[in-house]
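So the protein lines, in turn, are chains V and Y.
Position 267 of the first sequence, counted from 1, bears residue number 267 in our numbering, the numbering being contiguous throughout.
With positions in the second sequence counted from 1, the corresponding number in our numbering is that position plus 1000.
A virtual CB, placed ideally from N, CA and C, is assigned to each residue, including glycine.
Note that the structure is a prediction, hence the values are computed from the model and not measured.
2 protein chains.
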Amino acid sequence: MAAIVTRKEVAELAGVSEATVSRVFNDVGPMKEQTRQRVLQAAKTLNYHPNAIAQSFARRRSGNLGVVLPYVPKVHIFSTYYFSEVLSGIGEQVKASGYDMLLKFRVPGEESDYSSIFRSQKVDACVILGATDTPSERAELKKLEDGGFPFCLINQHMSGERFNEVDADHEGGSYRAVRHLLDLGYRDIAFLSGSPEFSNSGDRLRGYMQAMREAGLLSADAKAPGDLPAHLYYEGNYSRTSGMKAASAMHPNLKRIEAVFASNDRMAIGLMQGLREYGHVPGRDYAIVGYDDSEAARVTVPPLTSVAVPFYEMGRLAAERLLRRVGGGNETGGASESFRLKLDTKLVVRQSCRILR
Amino acid sequence: MAAIVTRKEVAELAGVSEATVSRVFNDVGPMKEQTRQRVLQAAKTLNYHPNAIAQSFARRRSGNLGVVLPYVPKVHIFSTYYFSEVLSGIGEQVKASGYDMLLKFRVPGEESDYSSIFRSQKVDACVILGATDTPSERAELKKLEDGGFPFCLINQHMSGERFNEVDADHEGGSYRAVRHLLDLGYRDIAFLSGSPEFSNSGDRLRGYMQAMREAGLLSADAKAPGDLPAHLYYEGNYSRTSGMKAASAMHPNLKRIEAVFASNDRMAIGLMQGLREYGHVPGRDYAIVGYDDSEAARVTVPPLTSVAVPFYEMGRLAAERLLRRVGGGNETGGASESFRLKLDTKLVVRQSCRILR
DNA sequence: TGAGATAATGAACGCGCGTACATTATTTTG
DNA sequence: CAAAATAATGTACGCGCGTTCATTATCTCA
Chain V
1 MAAIVTRKEV AELAGVSEAT VSRVFNDVGP MKEQTRQRVL QAAKTLNYHP NAIAQSFARR
61 RSGNLGVVLP YVPKVHIFST YYFSEVLSGI GEQVKASGYD MLLKFRVPGE ESDYSSIFRS
121 QKVDACVILG ATDTPSERAE LKKLEDGGFP FCLINQHMSG ERFNEVDADH EGGSYRAVRH
181 LLDLGYRDIA FLSGSPEFSN SGDRLRGYMQ AMREAGLLSA DAKAPGDLPA HLYYEGNYSR
241 TSGMKAASAM HPNLKRIEAV FASNDRMAIG LMQGLREYGH VPGRDYAIVG YDDSEAARVT
301 VPPLTSVAVP FYEMGRLAAE RLLRRVGGGN ETGGASESFR LKLDTKLVVR QSCRILR
Chain Y
1001 MAAIVTRKEV AELAGVSEAT VSRVFNDVGP MKEQTRQRVL QAAKTLNYHP NAIAQSFARR
1061 RSGNLGVVLP YVPKVHIFST YYFSEVLSGI GEQVKASGYD MLLKFRVPGE ESDYSSIFRS
1121 QKVDACVILG ATDTPSERAE LKKLEDGGFP FCLINQHMSG ERFNEVDADH EGGSYRAVRH
1181 LLDLGYRDIA FLSGSPEFSN SGDRLRGYMQ AMREAGLLSA DAKAPGDLPA HLYYEGNYSR
1241 TSGMKAASAM HPNLKRIEAV FASNDRMAIG LMQGLREYGH VPGRDYAIVG YDDSEAARVT
1301 VPPLTSVAVP FYEMGRLAAE RLLRRVGGGN ETGGASESFR LKLDTKLVVR QSCRILR
């Protein structure tokens, strides 16, 4: 291992004190140009790089933005559209802000001790992905908030709390998707929901039901899955295989279903594959709209109409807001204002829904 | 911000010295059980967590595995199959080894100063993704090697060097793909290559040509793209859009092409989309084999025959080998043995190639 | 030219750990 | 029971920085 060059060696070569070396590298205080050049030359000669760990320690700041990801053994988490897009956006902002991105894997279901992530001092702020609205997770997040640790949830709203959040208008996106189907003449529109512990699943359902109520297809007080006809409500876990499973459940009812709105593209694709095995061709025998507008939506046959969610931008904004906060270093007074952003979604029309009537 | 609890406070509460607190937490030396319990109780009472930055500093070890990724502004790098799979595998191993994963983005084309990544001491070892075989990159990697910094290349072979590498048998995978087409009766088999600066592009081409030579479809001394009939060689950059572009170039020649072997699934998919616009249906009018066996291969119509590359396992093994090395802390003597692994690839047959003859 | 003001730089120490060596406590042995 | 051996714990300091306060060098002004 190559020997570590410290500022001590640089100071000796340049004939100055270590404090001067430090000042030069941090652009602090008055500095004679001649002295500065001498130091920089010595540093270059010795190929000196400040020890980042020592800097972090002395500054009491890690220079890392933590990203907390759910850990499921053997699951290729980075290959999930949502995570990969958000991470790309975070990465973009981290790079632009001169921070590093430290990934932390948290085992879901296990005692979530979020605050220990901060107490180790290894991250200055945290983006939390895959959080769920359960009492224990809420309690853990409250502890973070009470401790003044800067964090941000993405795509997970915790109503009644003042956590930092970056979310998207899933309800509006869902509403527009279903209105699109209604405008094409479809009336018997089924809904394939994702896991209910995610707030965004509830948002999608709400948008679906609002559009259906406005079209007079549901009673005015319909609010929950239980208020839907059984043949119009299905549930998966956002995976393609759960979409294929839903196809088995849906197939017997397909005489009574004209269209399907699925809560994400993967389930839509799995559903299409499953129904194709029963001889039902998407876009011809039934209409289908996905959600997320992932790359996969563009490669299916026919290409999928889907609601585009700006996950990349969500990740980028969360990182930007957090890093602005910790970079400002303005810890004056009590709890700072929380930020909550809700980004627009957009329906991208492709060939999976023909005009019916 | 919550006050930081240090071992000093724990020591006071437990009525022991700071060294004893340290010993308890590091399970070092003889320790009276009674004393140990007193310390642990005090730590729990104060909610003490060792400061990881201070630990890293004192240990002269960061506890981070660096992952170097190419940075291209606005490109959603995590959404690329190769990167996402490798990262998932690395993440799995990092979690298992009690390390953290620090992402570093490097601007390609820019002066690649890999060694500065190590000189900051912020990572103990590095996995390098997206490296290219250019003289300047080689020089930078040689500097790392000379400095004794532990790193590993993935999916990029640098012939003549002794760098740590984890690769896959692309030549063998390619060969088997083309043999499969030959076995189905196809003779006029075109090749859609990826960018030539990646070693694995050359591997794929070699496997293709070997199979074609053995079938007597190429002369015995054919070695380079120039030795191929022009209508059988195309080039893309591994993106879906470059595959669609290749479709335009290939379409006029489709009377003379029976099958296509594409260097990755994305280009295969783009090609299929492009040719479908000209009325050519994959699996019926021509056969096609992709590479990588990404998720997308499973959702196309028809599902794509593809060569499976264990990217996830490659990432996991690279991390395992590196972390074993730095964890062993055995820096005795000079340069340690480099490791080079080449994992098997496997042809996964689906419906994109019918029996021709 | 000397006093005062300002610029530039150095000395010292803290950040919160890990641990070598010294000291004290406890146990074993003759 | 005392000496020797072993177990347990404490003291002191280094890791490589950032920065406060002290000291020195330089400039300005009367």
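So, with DSSP's three-state summary, where would you put residue i?
i: Thr132 (chain V); result: coil
i: Glu1110 (chain Y); result: coil
i: Phe78 (chain V); result: helix
i: Asn26 (chain V); result: helix
i: Pro225 (chain V); result: helix
i: Asn200 (chain V); result: helix
i: Pro1150 (chain Y); result: coil
i: Ala1119 (chain Y); result: The residue asked about is misnamed: residue 1119 (chain Y) is Arg in this sequence, not Ala. Three-state result, Arg1119 (chain Y): helix.
i: Ile4 (chain V); result: coil
i: Leu1347 (chain Y); result: strand
i: Pro1302 (chain Y); result: coil
i: Gly185 (chain V); result: coil
i: Lys32 (chain V); result: coil
i: Tyr1238 (chain Y); result: coil
i: Ser1338 (chain Y); result: coil
i: Pro1252 (chain Y); result: helix
i: Val1016 (chain Y); result: coil
i: Phe105 (chain V); result: strand
Quick one: list the residues of chain V neighbouring residue i, beta-carbon separation under 7 Å, in chain order.
i: Lys1346 (chain Y); result: The contacting residues do not exist; Lys1346 (chain Y) stays about 17 Å from chain V at best.
i: Phe1105 (chain Y); result: Gly91, Lys95
i: Ala1052 (chain Y); result: Ser120, Gln121, Lys122
Output, in chain order, the set of chain V residues within a Cβ distance shorter than 9 Å of residue i.
i: Phe1261 (chain Y); result: Going along chain V, no residue has its Cβ under 9 Å from Phe1261 (chain Y), so there is no contact; the nearest lies around 19 Å.
Quick check: the Cα distance between residue i and residue j, rounded to an integer number of angstroms?
i: Arg1119 (chain Y); j: Glu18 (chain V); result: 19 Å
i: Ala318 (chain V); j: Leu103 (chain V); result: 15 Å
i: Asn264 (chain V); j: Ala246 (chain V); result: 13 Å
i: Ile1053 (chain Y); j: Arg1059 (chain Y); result: 10 Å
i: Lys1223 (chain Y); j: Gly1160 (chain Y); result: 20 Å
i: Ala1042 (chain Y); j: Pro1050 (chain Y); result: 13 Å
i: Gln1121 (chain Y); j: Ser1115 (chain Y); result: 10 Å
i: Pro225 (chain V); j: Val1299 (chain Y); result: 29 Å
i: Thr6 (chain V); j: Lys143 (chain V); result: 39 Å
i: Arg1276 (chain Y); j: Val349 (chain V); result: 20 Å
i: Phe1311 (chain Y); j: Thr1345 (chain Y); result: 10 Å
i: Glu1092 (chain Y); j: Phe1261 (chain Y); result: 32 Å
i: Glu1012 (chain Y); j: Val1086 (chain Y); result: 47 Å
i: His180 (chain V); j: His1076 (chain Y); result: 29 Å
i: Pro1108 (chain Y); j: Val1072 (chain Y); result: 8 Å
i: Glu1165 (chain Y); j: Gly1147 (chain Y); result: 17 Å
i: Ala296 (chain V); j: Ile128 (chain V); result: 25 Å
i: Gly333 (chain V); j: Ile1004 (chain Y); result: Low confidence applies to Gly333 (chain V): its pLDDT is 39, below 50, so where it sits in the model is not reliable enough to give any reading.
i: Asp100 (chain V); j: Val1067 (chain Y); result: 11 Å
i: Leu46 (chain V); j: Asn1026 (chain Y); result: 36 Å
Just the chain Y side, please: which residues come within less than 8 Å of residue i by C-beta, in chain order?
i: Gly29 (chain V); result: By Cβ distance, chain Y contributes nothing, its closest Cβ being about 24 Å from Gly29 (chain V), past 8 Å.
i: His49 (chain V); result: Ser1116, Arg1119, Ser1120
i: Gly207 (chain V); result: Correct list: empty, because the minimum Cβ distance to chain Y is about 26 Å.
i: Ser88 (chain V); result: Val1075, His1076, Ile1077, Phe1078, Ser1079
i: Ile269 (chain V); result: Val1299
i: Gln273 (chain V); result: Val1299
Hey, residue i and residue j are a contact pair by Cβ (cut 8 Å); roughly how many whole angstroms apart?
i: Gly315 (chain V); j: Gly89 (chain V); result: 3 Å
i: His1170 (chain Y); j: Arg1204 (chain Y); result: 5 Å
i: Val21 (chain V); j: Thr35 (chain V); result: Going by Cβ atoms, the distance from Val21 (chain V) to Thr35 (chain V) rounds to 10 Å, so no, they are not a contact pair.
i: Arg1106 (chain Y); j: Pro1070 (chain Y); result: 6 Å
i: Asp1188 (chain Y); j: Arg1256 (chain Y); result: 6 Å
i: Ser352 (chain V); j: Pro282 (chain V); result: 6 Å
i: Tyr208 (chain V); j: Phe191 (chain V); result: 5 Å
Quick one: does the C-beta of residue i sit closer than 7 Å to a heavy atom of the ligand ATP?
i: Asp1146 (chain Y); result: The ligand ATP is absent from the structure shown, which contains no ligands of any kind.
Applying a beta-carbon distance threshold of less than 7 Å, which residues of chain Y neighbour residue i?
i: Glu295 (chain V); result: Ser1079
i: Phe163 (chain V); result: Result: empty, since nearest Cβ-Cβ is about 17 Å, beyond 7 Å.
i: Ser56 (chain V); result: Ile1053
What residues of chain V sit near residue i, judged by a beta carbon separation below 8 Å?
i: Asp1100 (chain Y); result: Leu102, Leu103, Lys104, Lys122
i: Phe1339 (chain Y); result: What Phe1339 (chain Y) touches in chain V: nothing, since even the nearest Cβ is about 18 Å away.
Under 9 Å between beta-carbons, which chain Y residues line up against residue i? List them in chain order, please.
i: Ala2 (chain V); result: Ser1115, Phe1118, Arg1119, Asp1146, Gly1147, Gly1148, Phe1149
Practice item. Any chance you could list the beta strand (DSSP E) runs of at least 3 consecutive residues sitting entirely within the region 1254-1298 of chain Y, in chain order? Key: 1259-1262, 1287-1292
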